[in-house]
Amino acid sequence: MDQTPAGAPEADPSDQQLLAAYRAASPDARRAAADRLFERYYERVGRWCQRFTGDRESAADLAQDVFLKAYRALDSFQGGSQFATWLYSIARNESISRSRRSGPRIESASESEEALIHVPAPEPDPEALAARSSDARNLHRFLTTTLDETERTVFTLHYGDDLPLDAITRLLRLDNSSGAKAYIVSAKRKLARAVERMFARGERL
Amino acid sequence: MSDPRQEWHQALEPTPECISIERLGDERTAAEREHLATCPRCQAEVALFDGFRGDPVSAHELRDGEWIASELRRRAEVPSNVKAFRTRRFSGLAAAAAAVIVFGTAYWMENREPSIGTAIPTEQVYRSTRIEGLTPSGDLPEAPRTLQWTAVSGASTYTVELSSVDKTVLWSADTAGTSINLPAAAMAQFAPGKALLWKVTARRGTNILATSDIQRLRVALQSTRRSQS
């Protein structure tokens, strides 16, 4: 990702330069220096938050919390990643955390007539991490070979991150009439058939 | 019978090989590209990230982005408590409601019958304050040694809970301060690539004064390998 947002004049300082100015600023000037850095991302973060929430007011609230957290964590940013990606990670974690707090949004009855298939339970013991990773890799391979890319992504965001289907539709910019819901229905149907074929061959997931 | 949604939830957790969120904007190594080709978790993260950096956006989105940015600037002008500004446009309504409450309460206090005693609940939430400033959160280079948060006025103790992503509490402790050093039992819960959650509850006696948002932590694989070597 570019170090300065698209459309910014070339003479604008880079994120690194603004970060350096923030770190060199006197205590009284640090807030203003941080604001100068954050402000160039207000629109980008705001747009992403709006895709997440679906309305401007909630998006502004979410974006405000994102920048508040970013400001509080700015001293701990070591520059090991690009600033924009670091800021995105805060926006992503805050958005998903907020979505989970608002409760489960998985509408099992309305989203599909088909039940979700069972998968082997992962091993919670940290010492068995290798076995867990192996199981996860097998499942990931199963998803990769069974579903197309959009189905996999929608399935992962919905069942892995509990994201509501309408938010996934906006975040992935799906322009089909029923959005992410159509991909969930087709994904579950394909997975169920693939599992049936595996069982018929005497194999297990 | 277990819940298949919960099973998938856990199965779709990041593995140690998964690309850290903060590295999504960097050029990928050959190993990362190879992993990405077969990992739905990372593919989903890349798709989300592409939506963040993805231009062009529609004219409608541009307008909304400008509105949100102007709203953030307006709120940032508030010197102390920025969140208070969220309610500015309701200030007239709020003032009227406050007047009703004040005069209504005064009338009720003047005319009520003598109290015959009130049962004290064992755990009561006084107000819906949020505890802010929880650090760390997100992807970390190594397991954190300390968790910290901002103080809540009137709190005498803070209960800290570390839990798995299915909300099973793995470790919990109370402290009077606004930070806590993680003991070995808590540190042992961190494994490379495994996500954990933590939160804080502020109490005065048995009463809950405030709660925090749930924070997600995950230790990157690379740094753990370095620290082990």
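Chains as they are written, first to last, in the working numbering: chain F, -17 to 187; chain Z, 27 to 255.
Positions of the beta carbon are idealized from the N, C-alpha and C atoms, including for glycine.
Quiz item: Among residues of its own chain, excluding the 5 on either side of Q174/Z, which ones have a beta-carbon nearer than 7 Å to its beta-carbon?
Solution: T161, T204 and S205
Quiz item: Beta-carbon of V178/Z versus every beta-carbon of chain F: anything under 9 Å?
Solution: no
Self-check item: Rounded distance between the beta-carbons of S179/Z and L222/Z, thought under 8 Å
Solution: About 29 Å; that fails the 8 Å criterion.
Self-check item: Partners in chain F for T161/Z, counting only beta-carbon separations shorter than 8 Å
Solution: Those are R54, A55 and S58, listed as they occur along chain F.
Quiz item: At a cut of 8 Å, does the stretch 38 to 51 of chain F reach the stretch 95 to 102 of chain Z through at least three beta carbon pairs?
Solution: Between the stretch 38 to 51 of chain F and the stretch 95 to 102 of chain Z there are three or more inter-stretch CB-CB distances shorter than 8 Å, so the stretches are counted as touching.
Quiz item: If we count Cβ pairs, one from each stretch, closer than 8 Å, do we get three or more for the stretch 61 to 71 of chain Z versus the stretch 34 to 51 of chain Z?
Solution: yes
Self-check item: beta strand (DSSP E) runs wholly inside the stretch 164 to 222 of chain Z, at least 3 long, in chain order
Solution: If we require 3 residues or more, the beta strand (DSSP E) runs fully inside the stretch 164 to 222 of chain Z come out as 164 to 166, 172 to 174, 183 to 190, 195 to 201 and 205 to 207.
Exercise. Would you kindly check if the distance between the Cβ of E21/F and the Cβ of L88/Z is under 9 Å?
Key: In this structure, E21/F does not lie closer than 9 Å to L88/Z by Cβ.
Practice problem: Taking only the alpha-carbon atoms, compute the straight-line gap between T41/Z and W93/Z and give it to the nearest angstrom. | Solution: C-alpha separation (whole angstroms): 39 Å.
Quiz item: Straight-line CA distance for A246/Z to N120/F?
Solution: 21 Å
Quiz prompt | Beta-carbon gap between A14/F and A7/F smaller than 9 Å | solution = yes
Quiz item: At a Cβ cut of 7 Å, what residues of the stretch 47 to 77 of chain Z count as close to chain F, listed as they run along the chain?
Solution: I47, E48, R49, L50, G51, D52, T64, C65, P66, R67, Q69, A70, A73, L74, F75 and G77
Quiz prompt | Coarse secondary structure for S90/F, derived from DSSP in three states | solution = The predicted model places S90/F with a pLDDT of 45, which falls under 50 and marks its position as unreliable, so this point remains unresolved.
Quiz item: Between G77/Z and W30/F, which are expected to be in contact by the criterion C-beta below 8 Å, what is the C-beta distance as a whole number of angstroms?
Solution: 7 Å
Quiz item: Name the chain Z residues whose beta carbon is nearer than 7 Å to that of R74/F?
Solution: The answer, in chain order, is I47 and L74.
Quiz item: Nearest chain Z C-beta to S63/F closer than 9 Å, yes or no?
Solution: Yes, S63/F counts as interfacial toward chain Z.
Exercise. With distances taken Cα to Cα, identify the nearest neighbour of A66/F among V27/F, K51/F, A164/F and S84/F.
Key: Nearest option by C-alpha distance: V27/F.
Exercise. Count the other C-beta atoms from every protein chain shown that fall within 10 angstroms of the C-beta of V186/Z, then say buried if there are 16 or more, exposed otherwise.
Key: buried
Exercise. Report yes if the CB atom of L129/F is closer than 9 Å to the CB atom of A169/F, and no otherwise.
Key: yes
Practice problem: Going by DSSP, name the residue or residues bridged to Q241/Z. | Solution: W224/Z
Quiz prompt | Proximal chain F residues relative to D168/Z, where beta-carbon distance stays under 7 Å | solution = Here residue 168/Z turns out to be Glu, not Asp, going by the sequence shown. Residues of chain F passing the Cβ test: none, with the nearest at roughly 12 Å.
Exercise. Please confirm if A41/F has its CB atom under 9 Å from at least one CB of chain Z.
Key: yes
Exercise. Whole angstroms is fine: what's the gap from A56/Z's alpha carbon to A149/F's?
Key: 32 Å
Quiz item: In the structure shown, what three-state DSSP assignment does N158/F receive?
Solution: Secondary structure of N158/F (DSSP, three-state): coil.
Quiz item: What's the C-alpha gap between E178/F and E131/F?
Solution: In this structure, the straight-line span from the alpha carbon of E178/F to that of E131/F is close to 22 Å.
Practice problem: My understanding is that A16/F touches L56/F, with C-beta atoms under 8 Å, so please give their C-beta distance in whole angstroms. | Solution: 6 Å
Self-check item: Nearest-angstrom Cβ-Cβ length linking G164/Z and T176/Z, presumed shorter than 8 Å
Solution: Not a contact, Cβ separation roughly 18 Å.
Quiz prompt | Whether Y141/F touches H35/Z by CB criterion (9 Å) | solution = Yes, the Cβ-Cβ distance between Y141/F and H35/Z is below 9 Å.
Quiz item: Between which two residues does the alpha helix (DSSP H) containing L19/F stretch?
Solution: R12 to E21
Quiz item: Under a CB-based cut-off of 9 Å, is G91/Z close to chain F?
Solution: yes
Self-check item: I157/Z in three-state terms, based on DSSP
Solution: strand
Quiz prompt | Status (buried if at least 16 other CB within 10 Å, exposed otherwise) for D10/F | solution = exposed
Exercise. Can you say whether T127/F is buried or exposed, counting buried as having 16 or more other CB atoms within 10 angstroms of its CB?
Key: exposed
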